[in-house]
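In my numbering, the protein residues as written are 17 to 308.
A virtual CB, placed ideally from N, CA and C, is assigned to each residue, including glycine.
Everything on this sheet refers to the single structure shown next.
Shown next as structure tokens:
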């Protein structure tokens, strides 16, 4: 009996050894493989270049050998053709009363010359922060002896009843004192008016524009007065109907006339530019920020 029990125990032991898994003794045997090390999160994945590495075909970036200096870019030939023209400020509304300043401010520009003036490429500025570059693909033309109105708002219901020919932005007029400057495409200041600089400008009154009523030195507006003609919106002004008669545009034969002969009240001369650009057929093309 003892021998039989010993045989059974030995058999069971051998059977259990066969049932259990056979562990490989050599790391190269079997399906198991050693664990892979974790990749550094700041490195690019294998097979890909570092994200800040330039492409193979791109030349390396070299530091500048000298300190860069400012370069003045010359205007294009089409813009240079618009230089050397004469444009005058003949009226402006700095402090509307019936409508907000952001809608009711406007300026009137007049052409005293014999040829049309295209304002495309000109810049309206106060010489400091405010600046607006006039860009109209079809041109913004002031006819000889005529005038146009530039303003902040086209809609007459919002701007006080003013018919604006061109809408600008980024340029605002102070109620008390400011500068109105117009540079041609070559950067020359054609208009440079600072109000009020002397007794030439009257005390500003809310809701009334300041308009030039006579000329000095052939084509320099002077005799600034507060407007007395009422607009449909309730404020006062004559936008687009300058009270000046330009001798350069209307009387070229008076080249030798003296300043006193030319400096006369516009009420005696009458308005010669009224309605020149009010015919819709004569309006500039509908482009850019031009009147629609």
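Whole-angstrom distance between residue j and residue i, CA atom to CA atom
{"i": "residue 173", "j": "residue 113", "result": "14 Å"}
{"i": "residue 111", "j": "residue 163", "result": "21 Å"}
{"i": "residue 197", "j": "residue 187", "result": "11 Å"}
{"i": "residue 153", "j": "residue 127", "result": "20 Å"}
{"i": "residue 158", "j": "residue 132", "result": "6 Å"}
{"i": "residue 251", "j": "residue 150", "result": "27 Å"}
{"i": "residue 124", "j": "residue 189", "result": "13 Å"}
{"i": "residue 122", "j": "residue 98", "result": "23 Å"}
{"i": "residue 222", "j": "residue 170", "result": "21 Å"}
{"i": "residue 218", "j": "residue 205", "result": "24 Å"}
{"i": "residue 346", "j": "residue 105", "result": "Residue 346 lies beyond the residue range present for the chain, which begins at 17 and ends at 308; the question has no answer from this structure."}
{"i": "residue 102", "j": "residue 96", "result": "14 Å"}
{"i": "residue 193", "j": "residue 213", "result": "9 Å"}
{"i": "residue 229", "j": "residue 260", "result": "6 Å"}
{"i": "residue 175", "j": "residue 240", "result": "23 Å"}
{"i": "residue 220", "j": "residue 226", "result": "8 Å"}
{"i": "residue 144", "j": "residue 195", "result": "9 Å"}
{"i": "residue 263", "j": "residue 108", "result": "22 Å"}
{"i": "residue 246", "j": "residue 201", "result": "36 Å"}
{"i": "residue 185", "j": "residue 148", "result": "6 Å"}
{"i": "residue 318", "j": "residue 120", "result": "Because the chain here runs from 17 to 308, residue 318 falls outside it and cannot be looked at."}
{"i": "residue 199", "j": "residue 142", "result": "10 Å"}
{"i": "residue 179", "j": "residue 160", "result": "20 Å"}
{"i": "residue 177", "j": "residue 211", "result": "25 Å"}
{"i": "residue 191", "j": "residue 224", "result": "11 Å"}
{"i": "residue 181", "j": "residue 115", "result": "19 Å"}
Classification of residue i by the beta-carbon crowding that lies within 10 angstroms, buried from 16 upward
{"i": "residue 130", "result": "exposed"}
{"i": "residue 208", "result": "exposed"}
{"i": "residue 243", "result": "buried"}
{"i": "residue 248", "result": "exposed"}
{"i": "residue 271", "result": "For residue 271, the predicted model reports a pLDDT of 41, less than 50, meaning its position is unreliable and no value from the coordinates is stated."}
{"i": "residue 100", "result": "exposed"}
{"i": "residue 4", "result": "With the chain represented from 17 up to 308, any question about residue 4 goes unanswered, as that position is not in the structure."}
{"i": "residue 146", "result": "buried"}
{"i": "residue 183", "result": "buried"}
Cβ separation of residue i and residue j, assumed to be a contact under 8 Å, to the nearest whole Å
{"i": "residue 168", "j": "residue 134", "result": "Not a contact, Cβ separation roughly 22 Å."}
Contact with chain C by residue i, beta-carbon distance below 8 Å
{"i": "residue 135", "result": "As a matter of chain content, chain C is missing from the structure shown, which is built from one protein chain."}
Problem - Every unbroken alpha helix (DSSP H) within the region 91-178, with a cutoff of 4 residues, ordered by chain - result: List check, alpha helix (DSSP H) in window: 93-96, 117-120 and 172-175.
Practice task
Please determine if the region 224-236 and the region 134-148 are in contact, where contact requires at least 3 C-beta pairs separated by less than 8 Å.
Solution key: Touching, no.
Practice task
Examine the Cβ distances between the region 254-265 and the region 146-166 and report whether three or more of them are shorter than 8 Å.
Solution key: Cβ pair count under 8 Å is three or more, so yes.
Exercise for the section: Would you list, in sequence order, the uninterrupted alpha helix (DSSP H) runs of no fewer than 4 residues that lie entirely inside the region 196-234? Expected result: For the region 196-234, not a single whole alpha helix (DSSP H) run of length 4 or above is found.
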